[in-house]
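Everything on this sheet refers to the single structure shown next.
4 protein chains.
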Amino acid sequence: MTTLGIAMVGHAFMGAAHSQAWRVAPRFFDLPVQPVMAVLCGRDPGRTRAAGRLGWADAVTDWKSVLDRDDVHLVDICTPGDTHAEIAVAALEAGKHVLCEKPLANSVAEAVAMAEAAARAAERGVRAMVGFSYRRVPALALARDLVAQGRLGRVHHVRAQYLQDWIVDPAAPLSWRLDKDKAGSGALGDIGAHIVDATQFILGDTIAEVTGTMETFVPQRPVAAAHSGLSGTAVSGETGPVTVDDAALFLARFAGGALGSFEATRFANGRKNALRIEVNGSAGSLAFDFEDMNVLQFFDGTEDASVAGFRRIVVTEPQHPYVSAWWPAGHGLGYEHAFTHQAVDLVRAVAEGTDPSPSFADGLQVQRVLAAVETSAESRTWQQV
Amino acid sequence: MTTLGIAMVGHAFMGAAHSQAWRVAPRFFDLPVQPVMAVLCGRDPGRTRAAGRLGWADAVTDWKSVLDRDDVHLVDICTPGDTHAEIAVAALEAGKHVLCEKPLANSVAEAVAMAEAAARAAERGVRAMVGFSYRRVPALALARDLVAQGRLGRVHHVRAQYLQDWIVDPAAPLSWRLDKDKAGSGALGDIGAHIVDATQFILGDTIAEVTGTMETFVPQRPVAAAHSGLSGTAVSGETGPVTVDDAALFLARFAGGALGSFEATRFANGRKNALRIEVNGSAGSLAFDFEDMNVLQFFDGTEDASVAGFRRIVVTEPQHPYVSAWWPAGHGLGYEHAFTHQAVDLVRAVAEGTDPSPSFADGLQVQRVLAAVETSAESRTWQQV
Amino acid sequence: MTTLGIAMVGHAFMGAAHSQAWRVAPRFFDLPVQPVMAVLCGRDPGRTRAAGRLGWADAVTDWKSVLDRDDVHLVDICTPGDTHAEIAVAALEAGKHVLCEKPLANSVAEAVAMAEAAARAAERGVRAMVGFSYRRVPALALARDLVAQGRLGRVHHVRAQYLQDWIVDPAAPLSWRLDKDKAGSGALGDIGAHIVDATQFILGDTIAEVTGTMETFVPQRPVAAAHSGLSGTAVSGETGPVTVDDAALFLARFAGGALGSFEATRFANGRKNALRIEVNGSAGSLAFDFEDMNVLQFFDGTEDASVAGFRRIVVTEPQHPYVSAWWPAGHGLGYEHAFTHQAVDLVRAVAEGTDPSPSFADGLQVQRVLAAVETSAESRTWQQV
Amino acid sequence: MTTLGIAMVGHAFMGAAHSQAWRVAPRFFDLPVQPVMAVLCGRDPGRTRAAGRLGWADAVTDWKSVLDRDDVHLVDICTPGDTHAEIAVAALEAGKHVLCEKPLANSVAEAVAMAEAAARAAERGVRAMVGFSYRRVPALALARDLVAQGRLGRVHHVRAQYLQDWIVDPAAPLSWRLDKDKAGSGALGDIGAHIVDATQFILGDTIAEVTGTMETFVPQRPVAAAHSGLSGTAVSGETGPVTVDDAALFLARFAGGALGSFEATRFANGRKNALRIEVNGSAGSLAFDFEDMNVLQFFDGTEDASVAGFRRIVVTEPQHPYVSAWWPAGHGLGYEHAFTHQAVDLVRAVAEGTDPSPSFADGLQVQRVLAAVETSAESRTWQQV
């Protein structure tokens, strides 16, 4: 096998990012097999055709049809969360490797079914991965390495925020991301899931219990004239209910004893995509903000106090994770590069017959954290994950 | 009356800061009466004598003795929290104005008694103020002004952290600040109290309910050879228990609907005195970090998106609160200047016969928040304030 | 004509960046004609073959051969500066559009010949562009727009630095970039050229006179075992002379009266690719640092002083230059995106029959500035450009 | 001798800063003799009386009168530069120690006379110091220490800017600082002198040659209705000439081989007091900006590249220069603290019978650099210092 045929389902924001990843990965990285952008699936024939610019060799409207194709070895799921379970389980059972966008599912029950399907598939050499792409931002991969090397010592504190502001305007229209049936939850599942995964990844630890609260600041919004992505603006005269959270906050305790403070919101005016993580340990600290994504702040608490300080590590050195494939030092990467790294790692895992990470089991664990937050927001008590 | 005689009780860290304030205030600000540093009180004769450098005209070891002195018009309480109530109530009843360091007391009951004493005293023209000095950092005073002017619109989010690291080393010795009997609580009351007051001040709103958690990461520590301040290092061979929290985290809901996330810790390695506040509203946002204390970040969400961004306001213009008394633009102030501003505002209130702010009632309200956090940390449920 | 066949000469650092641009541009931007990566040219057959991963349909070792090919409409020159003039002039005379990496040439004489060839070619509808890619970083394109809109008023000051450190280690080996015959000059032409072009572009003004100085801190270096790019490390036992400048500094006066301070160096330890530009005008100021490439700092001096401050504009809004083709707000771009924008603008100019910018005449003007700096460094006097 | 009587001449901006220093120094530092604020001198009786708030025991209008007073041991000169030489030489000859504000004088000739007088006085145990106060900002003192310890290796680059904007508005009125007769020069002597001294201090090296340029952007300004300091605003209807530079830029070569780029301007819109210094050496780099005055950035180039980065050292640790006298870590200092440190060091030198630093000879050397810049700006060639 020298090529890996890809079928991608969905062609909006995530579809564009994944297409770029499949296109670019083999041009910068040595891959054991070459990904081939075989077929794009979308429900609406016209919009799927219009997505031709994404560069797929074929386009179909029925995702099930790709499961029978010999030129498809991997199904890449970029649709809203309500469809993840059905597509992923079917693909795995059809012997197709699966890359599934996060959050893994809209409920723990779905996620359990998916993780079980992934476990069965793994026995047959079929691989499954969930798309927590931020793990592959070099600065966050470096953060994980520093923690794993013990440079932080015992971790006492995690504070993580994912701050956006794209619906702070009450006139911003409804979209599928504000519809609980489609999206499962709002800020919690869309962006909160990322900081849950990223912090667990960096610490090599899991969240054991949480207490949280959620809020929908603007419960009614204009109905967009047509289905649209993040930037849909044409609106009809109607309004409709927002059925998900605008913001979710929670406190957490990790299994290893660290305290966590988490916040995900779409109402942080002026913060565009501020995924921020700070970790404090007995030997040092780390800080990251995606608005300065090529930088990791690191404090080495073992240094002499007269010269200790948070170091602004520009994570563009050849020694840094993923970086040597790209440009000379100081020539930063962008948002989509993490998707390329994700594609690279997945292709290698498939070719080498190893389990990619994060697995569906990892995705399920994140789902359990999200569910515990939702439950605690209702019960107003701490919940075990 | 042209002078205001001051008696200060306590002469450690806070005593030094207050002494500098009384000394400096009349040199930069036009004051209706001149403060006179009349007498310093300290229990230990030797150490009180050694504090002579602070510049007080007299020194005594019994604080009660100053209540009878005609040259004392105001008692400035800089002792640990366990003594605040007794001294403050006695001073107010003796007709002395009172400035009391924060937190107001070690319990709500004490704080209630103090607030009641202050209310009775106010009827006789005797004033009481609690020393939440950060309100008088120009950048935070400006923050309050911007919120009051409506520049942030409806406030959705408050996130506040007070991060220090001075006991992250398990070898750091016990001090009165780690002793519940003396200090009431640990990070919560010492530094958490500041962010409770500062955010309520900035918003012009109060915290209505909380859910929190507290932790003592290092429960046993070396016993210092002698009582010492923050920097005590000589230790005996013994260890003793830490009876307060090293860290306290809580979620909050403000009466006006804003969501808050709060964290106070002495274990944030590399963060020395990072009092950070971020506020997000429907029209704009603010951010502050005491490690860059002369700066307020402000995002004006009403601007055209192409030029909108967080502005780094260097809060050293003559238009900014308190600043015109000092230096030309760009010549920043330091930590102790807020204490000078506090002294100025208190002297003016006393002279003008108005109630200074924050009042003991304000201090009591902060105490109720702290108590609710402690209760919720035990009950693991939300608590009304 | 629906496709534009590209021949690229050179396949090292710049070749990789340009390949990515040709590959990606049509996937995100609506282009009137589709670029086709027709043929790659490299002198060394083995290394050119190895560059197959860059994704070109064909590979040849003689660049002249592509001038006769009907499937080649544009020649993209990514070789060292000593070959630019010959290739560019021949390509233009053969009726091929040309994109030429900067600096345009290794001497003013060569640049004049190239600009003349471009002028002649333009009469025949053949286009030429020089690759000052930083103009197409959205933040710098926004900077130009703000100046053009008058938001800065009369410009008083420009300070521009391009700071790298890749040869601060005296053991870093020789490469063609340290060889005057190949590279023309060192830091001056390689990175100084970028800040000359970028500042002239932002101001819409030209440098009229300069005085400068240049330095080679490490005049002898190890000889690399084989020709290599930026990261060549294997060295033979020999050393050889560095024949170019490690650093070049100059003061400048712009035709419009602004004062400039410029510095280009490869010896700024810890600065990896810090292209920094600050512009101060009577109405406002701008600041940029490529190490935070998605941000433009803007000070609006017309605002009320109490809220004025440098705004950190995250240049990822749909309103910003080039950005709407990419991701939602806050999802930053990387180094290579500017090359994609360059490809887009060139393809559009070719298709629309307009002159692309920066033209070879612009490149010549930059060359004149560089030459004036070199002359002034020798004569130790100011030089007219 | 247990007290040191001070006479201060001048009571504007610098007078206020020096008064605070004399008042505060003995309250935080252990001093071998106690400074006594004996007498204030000012030409205008009314304004001198109004300066009573500065806290001096006496006030006179004739500075010569203080030279005969037994209660005056030190003359502190805070007047414009045109009076420095006369006062300082007379004071030294009268056996009074002298602290003279910078720049030392308005011409090299005056500075020579002063340095000679200081040398003669030193033989009699009379001390002289020039007030380059920024040396005593802890972050800059730490910078010097790191260079002296070899943490930067061989210094290649110095870039220093002192950016202000207080006269960018053409309506800002004339003041003595814009009058060559009073001030000697404009931005060059007022703020450029600071970065010349500070960089020479940090490097432990001297500037050997320079080439520069100067500019007066606004040559005519309104006449202020009355003499005023920085903030004079009431203007008459007249205008008058600005006879000094608004901005001065120069390139420099240090005796030890480092290249320098210097810029001093009062037209950097939005920069209030941005004294910025960056030093790059073979082993590391430093960066400082007075707008974040409690921070020193340090890059250790000897660290592993994967964790190297500019460290944000918060210079508030007890190990840092001057800091242990003040507050706990993280409680930053302000502008005037450097003046206190200056007073401390001078008092100690006087008491210990050592020569304080910077000496008048150091001040003369700075004056020679300034003069060389002025000459080169006219001759348009490099000038030896």
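Chains as they are written, first to last, in the UniProt record's numbering: chain A, 1 to 385; chain B, 1 to 385; chain C, 1 to 385; chain D, 1 to 385.
The beta carbon of each residue, even a glycine, is placed where N, CA and C say it ideally should be.
Terminal residues of the beta strand (DSSP E) in which residue i lies
| i | result |
| --- | --- |
| residue 161 of chain A | 155–163 |
| residue 8 of chain B | 3–9 |
| residue 97 of chain C | 97–101 |
Any chain D beta carbon closer than 8 angstroms to residue i
| i | result |
| --- | --- |
| residue 230 of chain B | Any reading at residue 230 of chain B must be qualified, since the residue scores a pLDDT of 48, below 50, and its modelled position is unreliable; the value itself is stated next. By this cut-off, residue 230 of chain B is an interface position. |
| residue 184 of chain B | no |
For residue i, the first and last residue of its enclosing alpha helix (DSSP H)
| i | result |
| --- | --- |
| residue 110 of chain C | 108–123 |
| residue 28 of chain D | 13–28 |
| residue 49 of chain D | 45–50 |
| residue 86 of chain C | 84–93 |
| residue 181 of chain D | 180–183 |
| residue 375 of chain A | 360–379 |
Residue i and residue j closer than 8 angstroms at C-beta
| i | j | result |
| --- | --- | --- |
| residue 108 of chain A | residue 367 of chain A | yes |
| residue 244 of chain B | residue 173 of chain B | no |
| residue 202 of chain B | residue 143 of chain B | yes |
| residue 117 of chain D | residue 99 of chain D | no |
| residue 38 of chain A | residue 17 of chain A | no |
| residue 358 of chain A | residue 132 of chain A | yes |
| residue 313 of chain C | residue 198 of chain C | no |
| residue 130 of chain A | residue 290 of chain A | no |
| residue 252 of chain C | residue 240 of chain C | no |
| residue 127 of chain C | residue 292 of chain C | no |
| residue 335 of chain B | residue 337 of chain D | no |
Chain B within 8 angstroms of residue i, Cβ atoms only
| i | result |
| --- | --- |
| residue 272 of chain D | yes |
| residue 203 of chain A | no |
Cβ-based burial, residue i [other Cβ within 10 Å; buried from 16]
| i | result |
| --- | --- |
| residue 3 of chain B | exposed |
| residue 124 of chain B | exposed |
| residue 171 of chain A | exposed |
| residue 255 of chain C | exposed |
| residue 44 of chain A | exposed |
| residue 120 of chain B | exposed |
| residue 34 of chain A | exposed |
| residue 204 of chain B | exposed |
| residue 378 of chain A | exposed |
| residue 219 of chain C | exposed |
| residue 57 of chain C | exposed |
| residue 394 of chain C | As displayed, chain C neither begins before 1 nor continues past 385, which places residue 394 of chain C out of reach and without an answer. |
Test: residue i CB closer than 8 angstroms to a CB of chain A
| i | result |
| --- | --- |
| residue 156 of chain D | no |
| residue 13 of chain C | yes |
beta-carbon residue i near the ligand SAM non-hydrogen atom, thresh 7 angstroms
| i | result |
| --- | --- |
| residue 26 of chain B | The ligand SAM is absent from the structure shown, which contains no ligands of any kind. |
Task: the region 278–294 of chain B: positions lying closer than 7 angstroms to chain A by Cβ - done: So the list reads 280, 281, 282, 284 and 285, given in the order they occur along the chain.
- [ ] Output, in sequence order along the chain, the residues in the region 293–315 of chain D whose CB is closer than 9 angstroms to any CB in chain B.
- [x] Going along the region 293–315 of chain D in chain order, one finds 293, 294, 295, 312 and 314 with a Cβ nearer than 9 angstroms to chain B.
Task: Chain-ordered residues of the region 365–381 of chain B with a beta carbon less than 8 angstroms from chain A - done: Under the 8 angstroms Cβ criterion, the region 365–381 of chain B contributes 380 and 381.
Open item on the list: Along the region 320–337 of chain D, where does the CB come closer than 7 angstroms to a CB of chain A? Name the residues.
Closed with: Hits within the stretch, in order: 320.
TODO: Can you give me, in chain order, the residues of the region 206–223 of chain C that have a beta carbon less than 7 angstroms from any beta carbon in chain D?
DONE: Result list: 211, 213, 215 and 217.
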